[in-house]
Amino acid sequence: MDVTIEYICFICIIVPLIMMTITLPGKGRLIIGSMGMGLFISLLSSEVSGAIIRELKISDMLYITTNITPLIEEILKALPILIYAFLFAERREILLSCAFGIGVGFAVLENIVILLRAVMVNPESANYLWAFVRGFGSGLMHAVTTMMVAIIVNFVKKQRKLILPGVTAMLCVAAAYHAIYNALVQSDLKYLGFVLPLITYAMLSPLTFKGRFPSKKKKGVA
Amino acid sequence: MSKTLLTVDVIYAVIALIMTVIGIYKHFMKKSPLFVRMVVCVVGCRFFDGTLEVLLVRGGIDVDLFTISGLVQVAQFLFLICASIGALDSLCDDGSKTFRKYRVISTVIPAMVFIGMIIILGMLHFPKGEMIMRLMGAAFALFAMYFHIKHLIIPDVEGGIVRSIRLYNVIGIINCLAFLVCYTAHTNSIPWIVARVVYILVTITILPALMYGVKKWTE
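Those protein sequences? They're chains A and B, same order as listed.
Yeah, the first sequence ends on 364 if you go by the numbering used here, and it's all consecutive.
Yeah, the second sequence ends on 244 if you go by the numbering used here, and it's all consecutive.
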């Protein structure tokens, strides 16, 4: 039953996105396409995580959400970034935008599935506060972790000998960040957990927007 | 005893956070060399490691099992390897035959430590799966240790970089050894706590030691 909900939600969102992608020009198509990829990865990761948890016969939810799912989700989210960066060698801003798109797409499906499951158990469990907390917390967290990997991928693309250690290290860091978020939101420090992605987003923004808005001085020179 | 573990980890995480913020402010906002930025990432990994371990212990999870905090500990060595491969090693070692003996010595010492670790893990009766996992983690620390030993003993080619970063490399070796003790000992045991305290000291000193070396080298 649970798995069916995920597939139904996925179809509901991915079909209009595909239609939109067909009509959009270049860069917009790429961003919406990455959101669609994020949705697909969300679906895939729930299947992979489910299979691994069944295989390992683990029932402790805190252990699963802090040590197994973050790792699987971060690896799966990083794969399209790696493939895209090395096959098409795109510019930095485009790579970061795509990473953000994948993270947001992932969070959209995850939030909807969690909302539906919560409403099924208790219809009053979802409210505006829940929506803001999930949107700013989980939504931004997935985007931030994918962007962290994209930043290092963009960097090591030029220094090939650093690809393996650099990307692996950043994947571990992204998984740890994800695990910290999951552990915080399940503890009595849950509000700290919801603020964490906002702080990180604010810290990463200068790196992301660098070069996007050229200064007047530079424009004058050009 | 779990209170001791929490206290040590909280101190460790707070110190790592302070050092990371200072590192980001000083070296990411201004254009510092790549290897300095990588060492800031190392300190950042320590913040993640400490924070996650505190949260896991508070949640009642056995941190002796596989946890992501163990992976972040490995990640810090990957960043150290990046720092060495990306810049430092090419400055210290030109790849000539003259330095072959230094490369051999740098390989033999970590290899001997690795063998010693296998014996100790066997004596402590760790389950086979866990033992393999710990040895895999240790391999990264030993690879980082190889570079630290090499950069400590190799003669200066030009510019005096080796002499300048000697203190950083000594701290790097202590860091690797502390990690290996942490990885070999059971959590909460006396060697584990001692290694964790050494970890805290390394977290405080590693970045200033590197910056001291870089300053001395560029003067």
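Just so it is clear, CB atoms sit at the ideal spot from N, CA and C, and this is done for glycine as well.
All figures in this text were calculated on a predicted structure; none of them were measured in a lab.
| Asked | Found |
| --- | --- |
| Option nearest I140(B) by Cα separation, candidates K153(B), D118(B), A164(B) and K126(B) | A164(B) |
| Neighbouring residues, chain B, relative to A260(A) (Cβ below 8 Å) | Per Cβ cutoff of 8 Å: no residues; A260(A) is ~21 Å from chain B at best. |
| S184(A) vs F152(A) beta-carbon contact at 9 Å | yes |
| Heavy atom of the ligand SAM within 8 Å of H173(B) beta-carbon | This structure simply doesn't include the ligand SAM, nor any ligand for that matter. |
| Endpoints, alpha helix (DSSP H) assigned at G111(B) | No alpha helix (DSSP H) holds G111(B); DSSP gives it neither H nor E. |
| Segment contact, 8 Å Cβ cut-off, at least three pairs: the region 224–238 of chain B with the region 194–202 of chain B | yes |
| Interface partners of C70(B) on chain A, CB under 7 Å | V315 |
| DSSP state of N194(B) mapped onto helix, strand, coil | helix |
| Assumed close pair A169(B), C201(B) - CB separation to whole angstroms, cut-off 8 Å | 6 Å |
| Partner residues on chain A for G111(B), Cβ-Cβ distance less than 7 Å | Q301 and L304 |
| Which listed residue (V35(B), D87(B) and R62(B)) has its alpha carbon closest to that of M236(B) | R62(B) |
| F248(A) in three-state terms, based on DSSP | helix |
| 7 Å Cβ cut-off: residues of chain A touching T76(B) | I322 |
| Cut-off 6 Å between Cβ atoms - residues of its own chain near M283(A), not counting five sequence neighbours on either side | Y323 and P339 |
| Proximal residues, the region 158–182 of chain B versus chain A, C-beta separation under 7 Å | none |
| Environment of A273(A) [buried if 16+ CB atoms lie within 10 Å] | exposed |
| Beta-carbon proximity list for I186(B), same chain, < 7 Å, skipping 5 on both sides | L116, C117 and W242 |
| Through-space distance from M54(B) to G247(A), alpha-carbon basis | 30 Å |
| DSSP state of P339(A) mapped onto helix, strand, coil | helix |
| is_contact[P339(A), chain B] using C-beta, thresh 9 Å | no |
| Local conformation of V88(B) per DSSP, three classes | coil |
| Inter-residue spacing [alpha-carbon to alpha-carbon] between L232(B) and Y226(A) | 34 Å |
| Identity of the residue in L237(A), I256(A), R276(A) and K199(A) nearest F336(A) by Cα | R276(A) |
| Close-in-space but distant-in-sequence residues of the same chain around V363(A) (CB under 7 Å, 5 per side omitted) | Only weak support exists for where V363(A) lies, its pLDDT of 45 falling under 50; the value from the coordinates is given anyway. Counting only Cβ-Cβ distances below 7 Å, and skipping sequence neighbours, we find nothing. |
| Nearest-angstrom Cα separation, counted from E235(A) out to K300(A) | 16 Å |
| E266(A), buried or exposed, once every other Cβ within 10 Å from all chains shown has been counted against 16 | exposed |
| Residue from M142(B), H173(B), R221(B) and I174(B) with nearest C-alpha to R159(B) | M142(B) |
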